[in-house]
C-alpha cells in the first residue's frame, strides 16, 4: 500500500445520533487505521449534528486548514440528510442531477418490483464536477470533489457501506494521488483459534517496534497481525515487509486462515467450490451463526446445503439422531455429542462434510468442569470424524464468534490437506 | 429522556492514538448518553492529537462557541500530556501546584511501596482556581474551571477512570447548575419492514423540522425515527414530545417493534417467555441469521428449541417435509413453500410456533417475476399458518437482515395479539 505524509487531513462525521450517543462512532478508528496505512496523517476529527449552519461551519473550517477532507453520513434520502448540499454550498458550486445515478436508482427499485419513493431522487444530486463513487452495498452513492487543491470525499454513514466504498474507490484514488512520496506497504495475517497475547508471545522476538512495524487488532473470533514497512520506493518497502511477514506467517501457520481482506467464510467457500464438495452444519451454542456467515457469501448455495440449529437436546436427539444415552453419559457439551452431531447433520443434509459445534456460550449454563468458553467442534467426512476442544476467552459474543470461526477453520484445514493430498496423488499417477 | 438545550456543549477528545485509529473512541457515546440524560445537548465533538498548537486552537474555538466544554485525555505524567497547560494558556490563567494532590500522589506511591517518579509531580498542577476532581481509579485527578460564564471540565482518558469521575463529580455539579433551564426530551421509535423514504412519506406532513424535531436513522433491517422536543420544564417538553410521538406511532404502528434501546430479538424473546411458548425457525435465504439473532440473547434456550437452515431444496423436502410438488409448482420462493416450511419446522422441532423465511437475497438467483428482495415470511401456530410477502430494497445484506427482522416481527405481532386476546378472554370469564 502506497503512502504520503504531508497531506493535512481531517474527518467530519455528521449525524445528530452520534452526538446523542445513540450510535458508537467507529468511522474514526476505521478511517484512522486505513489512512495511516496509506501514510496519511489525520489531524482532526469533528462530529456535528444534522444542522445546516453548524454543518456548513465545520466544512468551511476544514477547507481552511486541511487538504483532504472526508465527510461521513448525511447522504440518505430524507430531509435531515444535508451533506451534499452543505458541501456544495460552502464550495460555491451547484448541485446537479446525475442522470446515470438516477437511472440506476430507478432500476434498483424496478428490479425490486416497487416504485421509487420521490424522496430518493435526492440521492442522484451531486456537487457539479464530482466523481461519483458507487455504493455496492446500499442506495446512496458517494462523491469526490477536487477544488482549489483540496479533496473532499463524501461517504455514506452506515459502516457496512462506508468500508466497501472506501476500499473500492477511495483507496485506489488516494494511492494514485500519493505516488512518488515515501511509500508504505503493509500486509495483514488473519488468525483464529488463538488469543491476542498468545500471538504476541509467539512473535515478539521478531522485533517490529519501528520500521518495519507489527500491530495487533482483535476482532470477534479473529486476531489480525498487521506488518507495515516504509521506504523510498515500493520495491524497497516490499522487501523489508516481505522478510518480516514471512517469519510472522511461519510462526503462526496453524492459526492463519487468510490475508488482508480475506473473510474466513469466503476462503472456506472457495475451497469447497474448488473441491466440488458440499457442507452441512449442526449448531448448538452458535445458534445459526455459522450458517449465517456461510450464506453471507453470494453463491454459497453451490456448496452449502443447510443445517440444523440444534439448540435443545430434543432437537439434537430427534432430528440429528444423537443417541440420548450419549447426551446422558457425556453431556450435551462433549466430544461425543459433537461427533454425533457432525455425523448426524452430514447424513441429514446429504452433504459431503458435516460440521458441528456445541459449547457453553454463557453467561449461564456453566459448571465447574464445563466453564463458559468450553466448545467442541467436530468435522465428519467420508473418512471419519474428528473433534477439537477449545476454551475461548471473553463473553457470549466472543465465545460464539470464536466457535463459529474455529469450526469453519477446521473444515478449511481439512480441505487444504485433502487438496494437497489429491494433488500429490495426481502428480504421481 | 431529559435533555437541556440552552447550554451549548462540546466535547474535545485529545490523543494522537485516536487519530491513528489505535483506540476506538467510546467517550463520545458515553458522554452523549449521560449528557442527554441530564438534558444537555452536545453540538460538536472534536478529536485532536497531542500537539500544543492544534490543541490550543481547538480549545480556543470551543470557548468561542460553547458554554460547557469537556476535554478528555492528556492528564497523564508524560511530556505528551498537554491538556492542563493548554487549557490554562488559552484561558490566560496560571498553572499552580495543588499541595493536597501532590501529598496524595506521594501517599499513593508510598502505600504501593514505590518511589514516585518525578514526572508524576506534573499531575499535581492545575489551572489556578480550578475545582479538583478526585480520580478514584487512577493517579490523574480531573479539574473543573469556571471562567466568564464558561465551564471547562478536564477528564482523564482511560474510560474506566473517566466514567467514575464523571458520575461521582461531574453529574452532581451539572445537576446543580442546570436547575431551571430549558429541557429537551426525546424518544425513538424502531421499525422494520419499511424503507426510510416510505417512513418519511407517511409522516412528513406532521412537521418536525424545528421544535419538536423528527430525525431518521437507517440500520440493516431497521429504521429508527427519533422525535425530540424542548421546553422550559420537563413536563412541558414531555407534553410537546408526547403529542407528536403519538401521531408518529399511530402512522407507523404495523412496522413498529420497540422504543429507544429495544432490540427486536429481545422484545420477541420476552414475549415468548411471558407466553410460555417455544419457537423454531426454518431459514432459506437468511441462512441461520434468525437463529443467530435469537440466540444472541442470553437465556434464549428457554423458548428457542432450534431450527433448520433449509438452503437447498433437498433439505426443504427431505428434512422439513415440504412436498416436492409444492416447490415444483410454485417454486422454492413462494407463499406455498414458506407455509410448508413453517409448518414443517414447527413439527420437526416440537415448537409451539414455526417461523419460516424463503426469498431471493441476490445478487444472483432472481428472475423477472421473482426479483432480488422478494421474500416470503410464514408463521405456523396451532391455529393455522399465515404468510406475508415483502420486497426489500438494497443488496444481499439488506435483504437478509430485512427478512430476518420481518420474520421476528411477524412472531412478535402474533404473540401480542394472542396476549391481548387472552387478556380479553380472561376478563370475560
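Protein chains in written order, with our numbering: chain A, 24 to 452; chain B, 24 to 452. All C-beta atoms, glycine included, are put in the ideal place defined by N, C-alpha and C.
Check	Outcome
Residue 415 of chain A in three-state terms, based on DSSP	coil
Among B:293, B:319, B:335, B:128, nearest to residue 334 of chain A - alpha-carbon criterion	B:319
Same chain only: Cβ atoms within 8 Å of residue 272 of chain A, ignoring 5 sequence neighbours per side	212, 279
Where residue 146 of chain B falls: helix, strand or coil (DSSP)	helix
Cβ contact (3+ pairs, closer than 8 Å) linking the region 253-264 of chain A and the region 275-289 of chain A	no
Residue 213 of chain B in three-state terms, based on DSSP	strand
Residue from B:160, B:62, B:96, B:86 whose Cα sits closest to the Cα of residue 73 of chain B	B:96
Cβ neighbours of residue 362 of chain B in the same chain (closer than 6 Å, five flanking residues each side left out)	401, 408, 410
Cutoff 9 Å: residue 449 of chain A Cβ touching any chain B Cβ	Because residue 449 of chain A carries a pLDDT of 38, less than 50, the predicted location of this residue cannot be relied on, and no value is offered for it.
Exposed unless 16 or more other CB atoms sit within 10 angstroms - verdict on residue 390 of chain B	exposed
Test: residue 66 of chain B CB closer than 9 Å to a CB of chain A	yes
Residues, ordered as in the chain, of the region 171-183 of chain B that lie near chain A by beta-carbon distance below 8 Å	none
Proximity to residue 139 of chain A [Cα-Cα], best of B:128, B:300, B:221	B:221
Contacts that residue 328 of chain A makes with chain B (C-beta to C-beta distance below 8 Å)	334, 335, 337, 338
Own chain residues within Cβ distance below 6 Å of residue 199 of chain B, not counting five before or after	none
Interface residues of chain B facing residue 434 of chain A [CB-CB closer than 9 Å]	Correct list: empty, because the minimum Cβ distance to chain B is about 15 Å.
The region 148-156 of chain B in contact with the region 110-128 of chain B per 3-pair CB rule at 8 Å	yes
Whether residue 182 of chain B touches residue 49 of chain B by CB criterion (9 Å)	yes
Helix, strand or coil at residue 366 of chain A [DSSP, three-state]	helix
C-beta contact flag for residue 479 of chain A and residue 292 of chain A at 9 Å	No answer is possible for residue 479 of chain A: the residues shown for chain A start at 24 and end at 452.
Cβ neighbour criterion (16 or more within 10 Å) applied to residue 223 of chain B	buried
Distance between beta carbons of residue 37 of chain A and residue 65 of chain A, contact taken as under 8 Å	Their Cβ separation, rounded to whole angstroms, is 17 Å, which puts residue 65 of chain A and residue 37 of chain A out of contact at 8 Å.
Segment limits, alpha helix (DSSP H) that includes residue 57 of chain B	50-60
Three-way DSSP call (helix, strand, coil) for residue 393 of chain A in this model	coil
The region 301-311 of chain A contacting the region 377-390 of chain A, beta-carbon criterion three pairs below 8 Å	yes
Span of the beta strand (DSSP E), counted from its first residue to its last, around residue 239 of chain B	236-242
Contact check, residue 274 of chain A vs residue 226 of chain A, beta carbons under 9 Å	yes
Spatial distance of residue 435 of chain B from residue 106 of chain B (CA atoms)	51 Å
8 Å contact criterion, which residue 58 of chain A and residue 173 of chain A should meet: CB distance rounded	Wrong, their Cβ atoms sit about 16 Å apart, outside the cutoff.
Exposed unless 16 or more other CB atoms sit within 10 angstroms - verdict on residue 208 of chain B	buried
Cβ contact (3+ pairs, closer than 8 Å) linking the region 232-247 of chain A and the region 416-428 of chain A	yes
Selection from B:75, B:331, B:34 that minimises the alpha carbon distance to residue 538 of chain A	Any question about residue 538 of chain A goes unanswered here, given that chain A covers just 24 to 452.
Host alpha helix (DSSP H) of residue 183 of chain B (start-end)	182-188
From A:82, A:360, A:346, A:162, residue whose alpha carbon lies closest to that of residue 180 of chain A	A:162
Distance between beta carbons of residue 294 of chain B and residue 438 of chain B, contact taken as under 8 Å	4 Å
Cβ of residue 186 of chain B within 9 Å of any chain A Cβ	no
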